[in-house]
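Data first, discussion second: the structure below is written as structure tokens.
Number of protein chains: 2
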Amino acid sequence: MSEEQKISLRDKIIEASRNLLLDEGYRGFSLRKVARKIGVSATSIYLHFEGKDDLIHTLIDESIQKLNAKLAETASKEEDPVERLEVLAWTYTNFALENPREYLIIYVVSSDEMTRYPKEKFRKARQGYELLTETIEDGVIKGIMDEEDPRIASYTFWAQLHGVMSVVLTKRLDSRIDQTAFLEQAIQHIIDGFHVRTSVDK
Amino acid sequence: MSEEQKISLRDKIIEASRNLLLDEGYRGFSLRKVARKIGVSATSIYLHFEGKDDLIHTLIDESIQKLNAKLAETASKEEDPVERLEVLAWTYTNFALENPREYLIIYVVSSDEMTRYPKEKFRKARQGYELLTETIEDGVIKGIMDEEDPRIASYTFWAQLHGVMSVVLTKRLDSRIDQTAFLEQAIQHIIDGFHVRTSVDK
DNA sequence: ATTGCTAGTTAACACTGTTAAGTAGCATAG
DNA sequence: CTATGCTACTTAACAGTGTTAACTAGCAAT
Chain P
453 MSEEQKISLR DKIIEASRNL LLDEGYRGFS LRKVARKIGV SATSIYLHFE GKDDLIHTLI
513 DESIQKLNAK LAETASKEED PVERLEVLAW TYTNFALENP REYLIIYVVS SDEMTRYPKE
573 KFRKARQGYE LLTETIEDGV IKGIMDEEDP RIASYTFWAQ LHGVMSVVLT KRLDSRIDQT
633 AFLEQAIQHI IDGFHVRTSV DK
Chain L
453 MSEEQKISLR DKIIEASRNL LLDEGYRGFS LRKVARKIGV SATSIYLHFE GKDDLIHTLI
513 DESIQKLNAK LAETASKEED PVERLEVLAW TYTNFALENP REYLIIYVVS SDEMTRYPKE
573 KFRKARQGYE LLTETIEDGV IKGIMDEEDP RIASYTFWAQ LHGVMSVVLT KRLDSRIDQT
633 AFLEQAIQHI IDGFHVRTSV DK
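Below, the structure written as structure tokens:
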């Protein structure tokens with residue numbers, strides 16, 4: 453019972469925090485609001501988290517894990533490295549589109565927050581990136597891609613995707629441009645950039 | 453005299469704000485600190501800015517203008533679209549590397565801030581992007597590139613660059629990866645993606 | 001019955017953005 | 001030469017913030 457309640461309060465805090473953060477943005481977020489929302493004193497949060505930073509880092513961490521899980525699931529279903537790269541790109545993009553607010557928690561909130569992001573969480577967060585690296589390595593071995601350093605290439609791929617998504621999600625896209633068209637073209641462009649240059653097909 | 457002093461206080465506020473924002477991050481930034489730093493009451497800031505948002509938006513705006521000016525200068529020196537794209541990419545990158553804090557003001561601070569960014573400033577900020585679009589359009593006309601929609605392609609290019617830079621600047625890069633190598637390879641990769649696929653060279 | 005731990009509490013500190021009201025200093029008008 | 005009004009600020013106050021320290025019910029074990 454006490455065990456359950458202990459977990460329960462922590463979870464309540466996390467859930468309320470996520471909602472608050474997504475509804476009101478980083479700016480409107482406050483520990484006291486979270487506490488009020490679940491009918492508990494603000495200082496109770498300190499029983500389960502070191503402070504505001506720690507709480508937010510936990511949220512970021514959870515969202516990253518969720519995204520990574522989807523990526524891992526997708527990757528396991530596709531053998532061919534290029535196709536795999538493509539489904540990974542779309543999994544990433546769709547995750548961002550379907551869970552814009554969770555995706556934004558990862559990136560939008562974290563910019564200033566990132567300097568304080570603990571290394572131990574950072575390490576776990578890199579699983580998705582390692583999946584990418586393996587895929588590209590595989591492509592290089594099979595001669596389908598010709599990347600010099602798969603580790604760098606993997607970061608490039610990821611950075612490109614992130615850049616594209618952040619343009620869409622932070623509403624920086626010109627209103628005359630159709631979002632879906634932009635995404636499709638941009639992703640195709642990114643994928644093409646990784647495919648080995650054949651001296652064939654027309 | 454009164455004219456000069458009016459301008460002078462506004463400028464003092466801007467300068468102090470920029471320094472504070474860059475030294476202490478968005479989190480450590482406060483109007484009261486800015487005011488203290490220039491020996492004036494906090495409310496005086498409201499004589500020149502509508503509030504914290506407006507002040508920060510002004511900083512963002514100025515940094516964007518500075519970057520855009522550099523891009524425009526660079527672009528005018530290069531005729532060939534592909535080369536032009538390359539020098540633009542490096543101008544962008546170098547600006548970010550040489551003025552990381554000004555670059556970060558543009559992007560890092562703005563994520564949460566962006567929803568409140570006024571449209572009128574947004575319009576001015578797009579000049580750099582329009583330069584890109586023209587370059588790509590030019591490349592398409594000359595048959596060196598084969599982008600379907602230069603406007604979208606331009607955004608893609610910009611988003612990719614931004615993604616790459618943000619990975620570097622927000623310290624998300626794996627410490628085993630050399631930053632310069634990453635940038636060179638990533639940018640080359642992005643440029644390559646825009647160059648038309650020739651059915652020749654080896 | 002008392003000790004000690006758990007899971008919370010209240011009170012307080014030093015901050016924050018923002019608004020309302022007040023005030024020196026000066027320029028012009030009568 | 002006084003009075004009005006404007007400019008460029010200030011002080012006081014409000015409602016909020018993260019965080020720390022000290023306290024306290026309720027329960028478990030000695």
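Just so you know, the protein sequences line up as chains P and L, in that order.
Heads up: the first sequence runs through residues 453 to 654, numbered per the numbering used here.
Heads up: the second sequence runs through residues 453 to 654, numbered per the numbering used here.
For glycine and all other residues, C-beta sits at the position ideal for the given N, C-alpha and C.
Quick caveat, the model's predicted, so the values are computed rather than measured.
Local Cβ density within 10 Å of residue i, reported as buried at 16 or more and exposed below that
{"i": "P:Pro-570", "result": "exposed"}
{"i": "L:Ser-618", "result": "buried"}
{"i": "P:Asp-513", "result": "buried"}
{"i": "P:Asn-546", "result": "exposed"}
{"i": "L:Arg-536", "result": "buried"}
{"i": "L:Ser-482", "result": "exposed"}
{"i": "L:Ser-460", "result": "exposed"}
{"i": "P:Asn-451", "result": "With chain P running from 453 to 654 in the structure shown, residue 451 of chain P is simply not present."}
{"i": "P:Leu-540", "result": "buried"}
{"i": "P:Thr-587", "result": "buried"}
{"i": "L:Ala-548", "result": "buried"}
{"i": "L:Leu-499", "result": "exposed"}
{"i": "P:Gly-591", "result": "buried"}
{"i": "L:Met-593", "result": "Strictly speaking, residue 593 of chain L in this sequence is Ile, with Met absent from that position. Per the 10 Å Cβ criterion, exposed."}
{"i": "P:Glu-599", "result": "buried"}
Where residue i sits in the DSSP three-state scheme
{"i": "P:Leu-569", "result": "A small fix is needed here, since residue 569 of chain P is Tyr in this sequence, not Leu. Residue state, collapsed to three classes: coil."}
{"i": "P:Ile-588", "result": "helix"}
{"i": "P:Ile-596", "result": "coil"}
{"i": "L:Ile-490", "result": "coil"}
{"i": "L:Ile-629", "result": "coil"}
{"i": "L:His-641", "result": "helix"}
{"i": "L:Phe-501", "result": "coil"}
{"i": "L:Lys-529", "result": "coil"}
{"i": "P:His-509", "result": "helix"}
{"i": "P:Asn-551", "result": "coil"}
{"i": "L:Phe-481", "result": "coil"}
{"i": "P:Arg-578", "result": "coil"}
{"i": "P:Ser-651", "result": "Note that P:Ser-651 scores 46 on pLDDT, short of 50, meaning its location in the model is unreliable; the coordinates nonetheless yield the value given after this. P:Ser-651 falls in the coil class under three-state DSSP."}
{"i": "L:Gln-457", "result": "Bear in mind that the predicted position of L:Gln-457 carries a pLDDT of just 49, short of 50, making it unreliable; the figure below should be weighed with that in mind. If DSSP states are grouped into helix, strand and coil, L:Gln-457 belongs with the helices."}
Short Cβ contact (7 angstroms threshold) for residue i with residue j
{"i": "L:Gly-645", "j": "P:His-641", "result": "yes"}
{"i": "L:Val-534", "j": "L:Ile-596", "result": "yes"}
{"i": "P:Gln-631", "j": "L:Gln-612", "result": "no"}
{"i": "L:Ala-577", "j": "L:Ile-490", "result": "no"}
{"i": "L:Gly-615", "j": "P:Gly-480", "result": "no"}
{"i": "L:Thr-510", "j": "L:Thr-526", "result": "no"}
{"i": "P:Arg-575", "j": "P:Asp-505", "result": "no"}
{"i": "L:Glu-530", "j": "L:Ile-643", "result": "no"}
Margin query: Under 8 angstroms: do the region 489-500 of chain L and the region 536-553 of chain L share three or more Cβ pairs, one atom per stretch?
Written below: Verdict: no, contact absent.
Notebook entry, point to check: Taking one C-beta from the region 593-609 of chain L and one from the region 628-638 of chain P each time, how about it: are there three or more such pairs within less than 8 angstroms?
Noted result: Contact between the region 593-609 of chain L and the region 628-638 of chain P is present, because at least three Cβ pairs lie under 8 angstroms.
Check: Are the region 465-477 of chain L and the region 582-601 of chain P touching by the rule of at least three beta carbon pairs closer than 8 angstroms?
Finding: These segments do not touch.
Notebook entry, point to check: Which runs of the alpha helix (DSSP H), 4 residues or longer, sit entirely within the region 598-622 of chain P?
Noted result: Counting only runs of 4 or more, we get 602-621.
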